[in-house]
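Visitor: One structure is given below, represented as structure tokens, and several questions about it will come after.
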Amino acid sequence: MASKWALEGVSEALAQELAPFGVRVAIIEPGVTKSAIFAKNIDTPRQSAAYDPAYRRMFQMYAAGLAHATDPFEVGSVIHQAITAPHATLRHTVSWGAAEMLAGRAAITDEQWVAIGAADTDEAYYDAFQDAFNLDLRDLA
């Protein structure tokens, strides 16, 4: 995830720096896209038990994304629209939860964001996540 955040930050900076030269930058937020990569059996790295809650919560977020995975052709369509649109738009959301995550993150403080991840129990985490982002990670249907 850190690499995605880094790329997003670089893209925002490039958009500002290159705009005077007529160069447009678009950030595509595809989320989890239907792909054969998720069918592969990937070994889970060993970690300290202290990381178990964070691992479970991250896995649940990916599981929710997989349950609502975006068709790659939809992602391609959004990329095409971003490239051909007459007016530049920096950020383009595609997948389940992307718009809610962006809006929710903008509406909470950094401290609230950190507190969500530091919740004492999984249930408290899922409740806080749903309150902030209007997304139920427990709903995988």
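Note that the working numbering has the sequence shown beginning at 14, numbered continuously upward.
C-beta: ideal position from N, C-alpha, C; glycine also.
#1: Straight-line CA distance for GLU21 to MET114?
#2: Return the bridge partner residues of ILE40 from the DSSP annotation.
#3: Spatial neighbours of ALA111 within its chain, please: C-beta separation below 6 Å, excluding the five flanking residues on both sides.
#4: In this structure, how does DSSP classify THR122 when only helix, strand and coil are distinguished?
#5: State the CB to CB distance for the pair PRO99 and SER48, rounded to an integer number of angstroms; the pair is presumed to be in contact (CB under 8 Å).
#6: What separation, rounded to the nearest whole angstrom, lies between the Cα atoms of PHE146 and ILE121?
#7: In its own chain, which residues sit with a C-beta less than 6 Å from the C-beta of ALA154, not counting the 5 before and 5 after it?
#8: With the cut-off set at 8 Å, would you say ILE40 and LEU103 are in Cβ contact?
#9: Taking 8 Å as the threshold (C-beta atoms), are THR46 and ALA95 in contact?
Guide: This is what the structure holds:
#1: Residue 21 sits at position 8 when you count from the first residue of the sequence shown. Residue 114 sits at position 101 when you count from the first residue of the sequence shown. Each residue's alpha carbon lies about 14 Å from the other.
#2: Numbered from its first residue, the sequence shown carries residue 40 at position 27. DSSP lists ARG104 as partners of ILE40.
#3: Indexing the sequence shown from 1 puts residue 111 at position 98. Excluding positions up to five away in sequence, the list reads GLU42 and GLY44.
#4: Looking up residue 122 in the sequence shown gives position 109. If DSSP states are grouped into helix, strand and coil, THR122 belongs with coil.
#5: If you number the sequence shown from 1, residue 99 lands on position 86. If you number the sequence shown from 1, residue 48 lands on position 35. Contact flag wrong, Cβ pair sits at about 31 Å.
#6: The residue given as residue 146 occupies position 133 in the sequence shown. The residue given as residue 121 occupies position 108 in the sequence shown. When only Cα atoms are considered, PHE146 and ILE121 end up about 10 Å apart.
#7: Here the question's residue 154 lines up with position 141 in the sequence shown. Confidence is the limiting factor: at ALA154 the pLDDT is only 49, short of 50, which leaves the residue's position unreliable, though a coordinate-based value still follows. Counting only Cβ-Cβ distances below 6 Å, and skipping sequence neighbours, we find nothing.
#8: Taking the first residue of the sequence shown as position 1, residue 40 is located at position 27. Taking the first residue of the sequence shown as position 1, residue 103 is located at position 90. For ILE40 and LEU103, yes; Cβs fall inside 8 Å.
#9: Residue numbering aside, residue 95 sits at position 82 when the sequence shown is read from its first letter. Residue numbering aside, residue 46 sits at position 33 when the sequence shown is read from its first letter. In terms of Cβ geometry, ALA95 and THR46 do not form a close pair [threshold 8 Å].
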